[in-house]
Every structure is written in structure tokens, then in C-alpha cells.
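Each remark here refers to the structure printed beneath this line.
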DNA sequence: TTCATATATATGATATTTCGCATGTGAAAG
DNA sequence: CTTTCACATGCGAAATATCATATATATGAA
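Protein chains in written order, with the UniProt record's numbering: chain A, 1 to 109; chain B, 1 to 109.
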């Protein structure tokens, strides 16, 4: 059971919010995708993804050398709705990272 | 223009989240309503309401001795949607305060 | 004017979050 | 089995948020 307070705390930080919204728009992304999209250090991205994983907002799956993150399959419907709504109506907030993402030739998803 | 990050930061604290959801469900509430619903000190409630007001999530209107808070009329549609969704699907999170609210005979809305 | 009620704010103490950097781990390539 | 690549985590420092207490303001009643 996901407490709404814990849920919104997860969305209340720049790196976590952008990661969640980008993942929601792209189905799944690996750490290096987000690292280049957000232009941040690897430990910083990884730490925030770990937070989201521990709160059950994201699930991770290792495939070869890469770890892919997606919205947790058992995320409550209302939470999915909130994330989708926020992602759809805040393209400006995501514009820069989206551009860096498509420019990232290393991984594909 | 409301940044999604600022918006979610507002929802990331117990008092502010409950205040917002209760106000969303009841159209408007005054400070003493929330004070008794949340069983908190007056300065604590007032400070968090001030935060929400400064971020333009809430508007306030003085009527006599009381100050009534409601969702800001110019709150972006996506933000209204997020609040409404969260309020509708988290009645358990709000159960205690709802009960204290109905028990509060002082103000009516 | 004075008092009581409802609400707001200032302030310093405390708690929580975030950060950078160093290091650890796990898979695959050579 | 060592090296490399992708990722995770431990830890102390720094930044941020929250709190309780005291005080200020605004309104209406006496």
C-alpha cells in the first residue's frame, strides 16, 4: 500500500521527478540514458533511482550490463494517473532532457 | 506558470497535503476547520497554508474574523486533476481528519 | 478604548535531505 | 582471472525544511 505522502515526496525533487516523467513517457530507460538526459553524475542518478525503487515506484531489470527502470507494474492506478497527467502537461519542464535523450546514441529502448 | 517541481514539493509534507486534499473535497475551509481536523497548533497550520498561498495553490478570502482557503481559481487544470485524483483515492489517508472535521461544530462551509 | 478571537509571522533550534567523493559489486570481454 | 564497463552504496559535509515558542495584526464586541 502506497501512502500518498511518500508518493509525493518521491516527486518533490528535480532528478527524481524528471526521471519518473521521462520513464513514464519512454516505457523504460537505463541509468545511462537518464544520466545523459539529465546531465548528472552517475552516483546522483543512481541514488535517486534507488529511492524510487525502494518506495516501489519503479522496478528494475538487469539485461546484460545495463539496468532498465520502468514504472512498477503494481503501482496503484491513481499514482499512474498522476504521473501520466504530469508528464503530458509539462513538456516544457522536460524539453531539455528529452533533447539530450534523443541525442544519446549509446543505448536504445 | 506553475512549475511541476514546486507543485509537488507543496504536496510533499503531511500537513500541506492533508490541507489541500481536504480543501479540494470541501470547496473551502477556514484555518480553524483545518486546525481541528488535523489536531495541530494554529501557527503550524497557518505557516503551511501560507506556503501554499505563496505558491499559488490556494487563495484566501477574509470574511469577518475567519479566513477561508480554497484551491486557487487559476490553478492549472493538470494540477487540479492531480489533487482531485489523489483526494478521491486516498480516503483512508484522510479518514481521521475527516471525522474531526465533521465533529467541528464551530464553522460551517 | 479595551478585550477576546482568529490568523499571521519572526526567530533560533532541530531534523531531514541532498550532495560529492570514494569505494564496492556484478556481468561480460579478453 | 584480470580488466573494463555499468551501476550501487557508504559516509561525512552542506543545504533545506520543519518545529515550537513568542509576538504581531486584524476584526468585532463590550
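Ideal Cβ placement from N, Cα and C applies to all residues, glycine included.
Item: Beta-carbon separation (whole angstroms), residue 34 of chain B vs residue 22 of chain B, contact threshold 8 angstroms; Value: 7 angstroms
Item: Bridge partner(s) assigned by DSSP for residue 66 of chain B; Value: B:63
Item: Spatial neighbours of residue 16 of chain A in its chain, beta-carbon cut-off 7 angstroms, leaving aside the 5 residues before and after; Value: 10, 48, 51 and 52
Item: Stretch pair the region 96 to 103 of chain B + the region 72 to 82 of chain B: three plus CB contacts closer than 8 angstroms; Value: no
Item: Any C-beta of chain A under 9 angstroms from that of residue 82 of chain B; Value: yes
Item: Residues near residue 24 of chain B by beta carbon distance below 7 angstroms, same chain, minus five either side; Value: 71, 83, 84 and 87
Item: Residue-chain proximity (residue 96 of chain A, chain B), Cβ-Cβ < 9 angstroms; Value: no
Item: Which of helix, strand or coil DSSP assigns to residue 7 of chain A; Value: helix
Item: Same chain only: Cβ atoms within 8 angstroms of residue 67 of chain A, ignoring 5 sequence neighbours per side; Value: 30, 31, 60 and 61
Item: Any chain A beta carbon closer than 9 angstroms to residue 3 of chain B; Value: yes
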